[in-house]
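Beneath this line is the structure, given in C-alpha cells, with notes to follow.
Protein chains: 4
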Amino acid sequence: MNDNHFIRGSIPMTKSEVRAVSLSKLELKRDSILYDVGAGTGSVAIEAALYAEKGHVYAVEQKEEGCRLARQNQEKFGVENLTVLEGIAPQALEGLPAPDRVFIGGSGGKLADILNLAWKKNPLARVVINVIALETLAAVGEVLKSRRWEAEIVSVQVARAKKMGGYHLMQGQNPVYIITIDPAENGGEG
Amino acid sequence: MNDNHFIRGSIPMTKSEVRAVSLSKLELKRDSILYDVGAGTGSVAIEAALYAEKGHVYAVEQKEEGCRLARQNQEKFGVENLTVLEGIAPQALEGLPAPDRVFIGGSGGKLADILNLAWKKNPLARVVINVIALETLAAVGEVLKSRRWEAEIVSVQVARAKKMGGYHLMQGQNPVYIITIDPAENGGEG
Amino acid sequence: MNDNHFIRGSIPMTKSEVRAVSLSKLELKRDSILYDVGAGTGSVAIEAALYAEKGHVYAVEQKEEGCRLARQNQEKFGVENLTVLEGIAPQALEGLPAPDRVFIGGSGGKLADILNLAWKKNPLARVVINVIALETLAAVGEVLKSRRWEAEIVSVQVARAKKMGGYHLMQGQNPVYIITIDPAENGGEG
Amino acid sequence: MNDNHFIRGSIPMTKSEVRAVSLSKLELKRDSILYDVGAGTGSVAIEAALYAEKGHVYAVEQKEEGCRLARQNQEKFGVENLTVLEGIAPQALEGLPAPDRVFIGGSGGKLADILNLAWKKNPLARVVINVIALETLAAVGEVLKSRRWEAEIVSVQVARAKKMGGYHLMQGQNPVYIITIDPAENGGEG
C-alpha cells in the first residue's frame, strides 16, 4: 500500500517497500493473531489487519503520538480487528492471547525478552524483525546462537527517484535487515 | 511467498522480495484482470491469481520451458483463474479482455508496443515494470517523456545471508528497478 | 581523503567513497592533464592534483560559490597545479591544453558536447563520469551506442552508520553510477 | 587499479571498488608500515606498497595458494617493499616491526587478538577492516564497546553491468562493511 494512504506525523514509518517484503515474510493467514511491536503509525498493523480479516492484530507502541496516529489510521481504514496499545514490550504483551505471528519494528533494547515472551505463549510463532541498528543485528545473532537456530536474513536497500529540474535523481533510503525466524523450521519449540 | 514454494527450472525467477514489492505496487483488486508479460515460471502470476480470486490473470511467456513450469506451478497451487499463453507480446495479448493491471517482467525489446496495446484496451490500466537492463530503463524514460507522464521509480537491492563454515555472509542479488505508471495519476488516458 | 578535510558550503560534494572509486577508475598518471567538469567544491580536483604532481588539473564549475570554495580548498591544500575556471562546459574547455583524463561530475545537460570536445582534443582521453540522474544515464547510453563503444558501468550505493542514542543506525546515501570510457579499449579514436 | 591487472586463482579477491575505498580510508603515508592481514592474492598489499614507496607492507595469508599468487603479483608489479608471509595472525605478526597502518581483509575468527597485538606494538595504528560476515561485524562491535571507542562504519554495495545479448544487466556484488578505527580520534592508546 502506498505510504501516502497513511496519516503520518513526525514518527518514522516503515516505508512501503520494506513493509511489503516484511508482510510477505510473515506469511499471514486469514485468522492470524499478530503482535506488532513498535508499531509506530500503524502501517504494518493496518495492512496486516486488512489481510487477516478473521484474525486480530495487537499493535504495541510506547510513544503517545504513535498511538494517536495508529488509531487515526485505524479509523481511516475502518479496521476493527486491531487493538492499539500504548505501552512497552514485553510487559504490554503479557495479558494478550497467544500469537501465531510476531512483527518487531522496534524493540527498545528488549529484543530477547520480547521473543522469549512470544515463544512462551506460542513456541511456534513465526517472527519477522526489521533491523536498522547494528546493535540490534548483533542481538538477533545472540538469540539465534543461544537457541542454535537458523533464520532467513536479507537486507533491502531501496532508492527512489525524485524529480529535480527535469532530472530524476535516485535518492537512497536507509538499508533495513529483514529477519525471519520460524521455530517450525528449526525443529520447533520457540 | 517463499521462492521454494515454486517449481523452478533454469528460467530466472523474480525473487520473493522483488515479487512482494511489485505485487504491492500493482494494488490489485479482488476482481482485477492482470496481464503478466514475460511470466517466466509464473511466480508473480500465481501470487496475483491467489489474491484476485474473482478476477483473472493472463500470463504470457515466450519460452516453452517457462510455460511448462508456469503450468506445473498453476497445478501445484490449484489456481483456476490463470491462463498461461505461450507467445510473444504484444501479439499474444491482442485477443484478450482489457486489463486493469499490467505487470511486465520481460518485454523482449517491445516495451512501447506492449504498453500501447495495453492502454489502447484500457487507458487507465495501472502498470508495474521490473527492469534489470539499462536499455529498458531508457526505453521506459522514452515512453514517459513522449506522454509527458510521471512514474514512481524505485530501485531495490537485496542481499541474502548464506551460511558458510559458521559464518553468515551477505550475498548481493541483482538490483531491480520497479517502475509504476498509473494513467489516472497523470490525468488519465493511457 | 576524508570529506571533513575540505571546506564545504551548500554545494553538494562528491562523497569520499565515490571519490575514491572515481579516482581509482581514472588511473591518473603523475603527469596527467585532467579536466574536472562540474567540479563543485573541488574535492576530486584537489585529490587528483595532489597525485598528478607533474601534471595539471583544470576544474570547471559554473556556480560562483563552487569556484570560491574550490579556490579556498586549493589554498588550504597548497596545490599549485590546479586551475579553477568559472564557466560552462564545453565552452570553458575550448582554449585549454588537451587532456589525457576527463572526470565529469556534472554536465549540465551537455554531456555529448563535452565528450566530443574532449575527444577532439585527444581521441584517447580516458573518461570517468559520475551519474545520479536517470536522464544522464540514458545520455551516456546514447553516446556509447552512436560510437558502438563499450564502457565499464558500476553503481555504488553507500550507507554510513550514524550514532543515535547508543545505537548505530545505517543511513543510506544516494546511489551513483560510475562509468569509465577508455577509447583505447574500444579500438581508439575518441 | 583494475582487477584484471592482478593474477588471480580460485582465491576470492577484494574487488577494485572496495579496494579503492579501503585504501582511501587507510590514509597511507609514503613511509607507512602496513600489515595486510588475510592478504589473499595480495591486491591490497600491492597497491599499498606502490603508494608507500618508502615504507613496507607485511602481507599475511594462511593459504598456500594465496601466498603463491601474492608473490606472483609482487613479481609482476616489481614491488620490493612487500613481504608475503604464509601463516596465521596474530602469531605470524609477532616478530614484525610495529605498524602505523593495519588492513584486515580476513581475520580467521581472531579479530580481537589481531587488534590487541597491533595496538600493543603501536597504540596509534590506524585500522581498516573489510567485513562480509555478520559474526565479524558483531565482533568489531564488541571490540569497540569494550574500549568505548567510535569507528567510522560504512557499507558499500556495488553492482556491475554485464553485457548479455545487446543489453547491459546490472549484476549485484556482495555488500562489504568497511570499518575504520583510528585510536587518535578516540583519545589515543590502542
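Chains as they are written, first to last, in this note's numbering: chain A, 4 to 193; chain B, 4 to 193; chain C, 4 to 193; chain D, 4 to 193.
Ideal Cβ placement from N, Cα and C applies to all residues, glycine included.
Within the segment 50-68 of chain A, no residue has its Cβ closer than 8 Å to any Cβ of chain D. Using a Cβ distance threshold of 8 Å, R104 (chain B) and S19 (chain B) do not count as a contacting pair. Contacts with chain A (Cβ-Cβ distance below 8 Å) from the segment 138-150 of chain C involve E138, T139, listed in chain order. In terms of beta-carbon proximity, R163 (chain C) lines the interface with chain D, with at least one pair separated by less than 8 Å. Under the Cβ distance rule, E20 (chain C) counts among the residues neighbouring chain D, one pair being separated by less than 8 Å.
Under DSSP, D39 (chain C) shares a beta bridge with C:A62, C:F106.
Any Cβ of chain D closer than 8 Å to the Cβ of S46 (chain C) would place that residue at the interface, and such an atom is absent. For chain D, the residues of the segment 115-135 of chain B that bring a beta carbon within less than 9 Å of one of its beta carbons are I135, in chain order.
Exposure of L127 (chain D) is indicated by the presence of fewer than 16 other C-beta atoms within 10 angstroms of its C-beta.
In this structure, the beta-carbon distance from V63 (chain C) to D39 (chain C) falls below 8 Å.
For S35 (chain D), no chain C residue has a C-beta closer than 9 Å to its own C-beta; the minimum C-beta separation is roughly 15 Å. The secondary-structure analysis by DSSP pairs M167 (chain D) across a beta bridge with D:Y170. Among the residues facing chain B, Q174 (chain C) is not included, as its CB has no counterpart in that chain under 8 Å away. Within the same chain, Cβ atoms closer than 7 Å to the Cβ of K124 (chain C) are found at A101, P102, the five residues on either side in sequence being excluded. I49 (chain D) carries a helical assignment under DSSP once its states are collapsed to helix, strand and coil.
Closest option to G12 (chain A), judged by alpha-carbon separation, among A:E68, A:L31, A:A23, A:S27: A:E68.
In this structure, the beta-carbon distance from N84 (chain D) to E56 (chain D) falls below 8 Å.
Residues L37, A51, Y54, A55, G58, R104 of the same chain have their beta carbon placed closer than 8 Å to that of L31 (chain A), with the five preceding and five following residues left out of the count. Within the segment 66-121 of chain C, the alpha helix (DSSP H) runs of at least 4 residues that lie entirely inside it are, in chain order, 67-80. By the rule that beta-carbons nearer than 8 Å mark a contact, Y38 (chain D) does not touch chain B. Going by DSSP, R150 (chain A) is part of the alpha helix (DSSP H) stretching over 137-150. For N177 (chain A), the closest C-alpha among the options C:V161, C:V179, C:G190, C:G168 is that of C:V161. For the pair G144 (chain A) and G45 (chain C), the Cα-to-Cα distance works out to about 43 Å. At a cut-off of 8 Å, the C-beta of S27 (chain A) has a neighbouring C-beta in chain B. Any Cβ of chain B closer than 8 Å to the Cβ of V179 (chain A) would place that residue at the interface, and such an atom is absent. Relative to the Cα of I49 (chain C), the nearest Cα in the group C:K66, C:Q65, C:A23 belongs to C:A23. The alpha-carbon of W152 (chain D) is positioned some 47 Å away from that of K79 (chain A). Listed as beta-bridge partners of S158 (chain D) by DSSP are C:A162, D:Y180. Neighbours of Q160 (chain A) in chain C, taken as residues whose beta carbon is under 8 Å from its own, are Q160, A162, G175 in chain order. DSSP places R129 (chain A) inside the beta strand (DSSP E), whose first and last residues are 129-134.
For M167 (chain D), no Cβ of chain C is located within less than 8 Å of the residue's own Cβ. Looking from the CA of G112 (chain A), the closest CA among A:V157, A:I91, A:F106 belongs to A:I91. For G175 (chain A), DSSP records a beta bridge to A:A162. Residue state for S27 (chain C) is assigned as helix, using DSSP reduced to three classes. Judged by DSSP in its simplified three-state form, S19 (chain A) adopts helix.
At a C-beta separation below 7 Å, V24 (chain B) has these neighbours in chain A: E20, A23, V24.
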